[in-house]
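Quick note on the numbering used here: the sequence shown kicks off at 3 and runs consecutively. Virtual Cβ for every residue (Gly too), placed ideally from N, Cα, C. Treat the numbers as computed from the prediction; the structure is a model and nothing was measured.
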Amino acid sequence: MNQTPILQADGLVRSYTLNRGVFSKGQTVNAVNGVSLTLNRGETLGLVGESGCGKSTTGRLLLGLEPLDRGSVRFASELMPDIKDPKWKTLRTRMQMVFQDPLSALDRRWPIGAQIGEPLDIHRIGTKAERLERVQALLADVGLRPDQANCHPHELSGGQRQRAVLARALASDPELLVCDEPVSALDVSIQAQVVNLFAELQQKRQLAMVFISHDLRVVRRISHRIAVMYLGEIVEEGLPDEVLHSPLHPYTQALVSAVPHTGRKQKRVVLQGDPPNPASRPSGCTFHPRCPVARPMCAEIVPALRAASASRKVSCHLIDAPEQKEVA
Ligand code: SF4
3 MNQTPILQAD GLVRSYTLNR GVFSKGQTVN AVNGVSLTLN RGETLGLVGE SGCGKSTTGR
63 LLLGLEPLDR GSVRFASELM PDIKDPKWKT LRTRMQMVFQ DPLSALDRRW PIGAQIGEPL
123 DIHRIGTKAE RLERVQALLA DVGLRPDQAN CHPHELSGGQ RQRAVLARAL ASDPELLVCD
183 EPVSALDVSI QAQVVNLFAE LQQKRQLAMV FISHDLRVVR RISHRIAVMY LGEIVEEGLP
243 DEVLHSPLHP YTQALVSAVP HTGRKQKRVV LQGDPPNPAS RPSGCTFHPR CPVARPMCAE
303 IVPALRAASA SRKVSCHLID APEQKEVA
């Protein structure tokens, strides 16, 4: 694997001001709060966490689809241009996003083949005949029949629609895919097939991928590394086996304990309460109001995300040396 990072994000911060609601108007929500990550070429990073933890916003920030309040994103060593900069449009062919709901990602009035070929038309890649040939090759790559090029989105199943969305994302031969919950709208019986397809194509094309999901089992199947997010921050990052079999952060331990069949014998850790309102973040470690092993210092001092071993980073005051194991 080539170790030159294709993507380097440093200290990403993105906040929103609420404009609705009598009590919340004018409040600031920190959706992403200091996220840093690196993605190598041909590598898949799984981004997991509960709904509302900031993983989707992080995905959009990585592609420059949303402006940053602070921090920086580098794609292939170049600073990500502003979305209004013509350079960003050129970069768009090299990085693509796959969204959760394939039906809303596709135009219901257009046949699938035309939609898959649209990026090729826009960027005038190849002759008309070459573009048609390429669409047929993409259909085959994602497991759709040649005649399905003439189908409209509503004539396909959910799984087939997501295959079509993936084919369109791959049309411009990107180096990076950011996939935001790409299988969570699909039936469980279809999810495994589509995840396998993402994994196959990632390997075949040596794509770099950020795979966002709330489901640890899905992320484990496809990722080379996993990053766990809580309230807009990465709290643990490591190899899938490490994170799933010996989670270090108490939040990761609770997430993993809720997943059946991870091969890890552990009592279910039930967290107290809901994730806090991001508009009023707890002091110190933001996880402290729900943490089963919190100490007084946790409410006052923010833990840094730091190395717990060569391949793992954790932000918890109780994990401060590589030789330390689990806290619970
Ligand atoms: Fe729990 Fe404290 Fe670690 Fe935060 S820093 S996860 S509150 S033990």
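Measure the C-alpha to C-alpha separation of residue i and residue j and round it to an integer number of angstroms.
i       : j       : result
Ala-260 : Leu-320 : 22 Å
Leu-108 : Ala-169 : 12 Å
Ala-131 : Gly-115 : 13 Å
Cys-153 : Arg-270 : 46 Å
Asp-103 : Arg-222 : 21 Å
Asn-4   : Gly-44  : Low local confidence applies: a pLDDT of 49 at Asn-4 is under 50, so the model's placement there is unreliable, with the coordinate-based value given in what follows. Answer to the nearest angstrom: the Cα atoms are 8 Å apart.
Val-190 : Ala-281 : 34 Å
Ser-248 : Gln-138 : 45 Å
Ala-312 : Gln-255 : 20 Å
Asp-12  : Ser-38  : 4 Å
Phe-213 : Lys-206 : 17 Å
Val-167 : Thr-92  : 20 Å
Trp-90  : Arg-111 : 28 Å
Glu-135 : Phe-200 : 22 Å
Gln-98  : Asp-322 : 38 Å
Gln-208 : Val-197 : 16 Å
Thr-19  : Asn-279 : 13 Å
Ile-8   : Met-82  : 12 Å
Val-329 : Leu-257 : Reliability of the predicted coordinates at Val-329 is poor, the pLDDT of 48 falling under 50, and no value is obtained from them.
Lys-57  : Cys-181 : 11 Å
Ala-301 : Thr-288 : 8 Å
Is the beta carbon of residue j closer than 7 Å to that of residue i?
i       : j       : result
Leu-188 : Gly-160 : yes
His-251 : Val-237 : yes
Val-230 : Gly-51  : yes
Asp-84  : Val-15  : no
Pro-1   : Arg-163 : Nothing can be reported for residue 1: it is not among the residues displayed for the chain, which extend from 3 to 330.
Asn-32  : Gly-275 : no
Val-338 : Leu-64  : Given that the chain is displayed from residue 3 to residue 330, the structure contains no residue 338 and the question cannot be resolved.
Ser-174 : Pro-121 : yes
Met-211 : Leu-172 : no
Pro-291 : Pro-284 : yes
Cys-318 : Pro-298 : no
Arg-59  : Val-34  : In the sequence as presented, Arg is not what sits at residue 59; that position holds Thr. Closer than 7 Å, so yes.
Leu-41  : Leu-47  : yes
Ile-118 : Leu-140 : yes
Pro-242 : Ile-224 : no
Arg-165 : Val-144 : yes
Gly-240 : Arg-308 : no
Continuous alpha helix (DSSP H) assignments of at least 4 residues falling wholly in the region 108-170 = Restricting attention to alpha helix (DSSP H) runs no shorter than 4 residues, the region 108-170 encloses them at 114-124 and 130-143, ordered along the chain.
For the region 62-106, which segments carrying the beta strand (DSSP E) assignment without a break, of at least 3 residues, lie completely within its bounds, in sequence order?
-> The qualifying runs are 72-77 and 97-100.
The region 178-187 touching the region 204-221, judged by at least three CB pairs closer than 8 Å | Enough Cβ pairs lie closer than 8 Å, so yes.
Mind pulling the beta strand (DSSP E) runs of 3 or more residues that sit fully within the region 287-315?
-> Runs found: 308-311.
Hey, which unbroken runs of the beta strand (DSSP E) at 3 residues or more fall wholly within the region 6-51?
-> Whole beta strand (DSSP E) segments, 3+ residues: 7-19, 30-42 and 46-50.
Whole runs of the alpha helix (DSSP H) within the region 179-227, excluding any shorter than 4 residues | The alpha helix (DSSP H) runs lying completely inside the region 179-227 and spanning 4 residues or more are 190-207 and 218-224, given in chain order.
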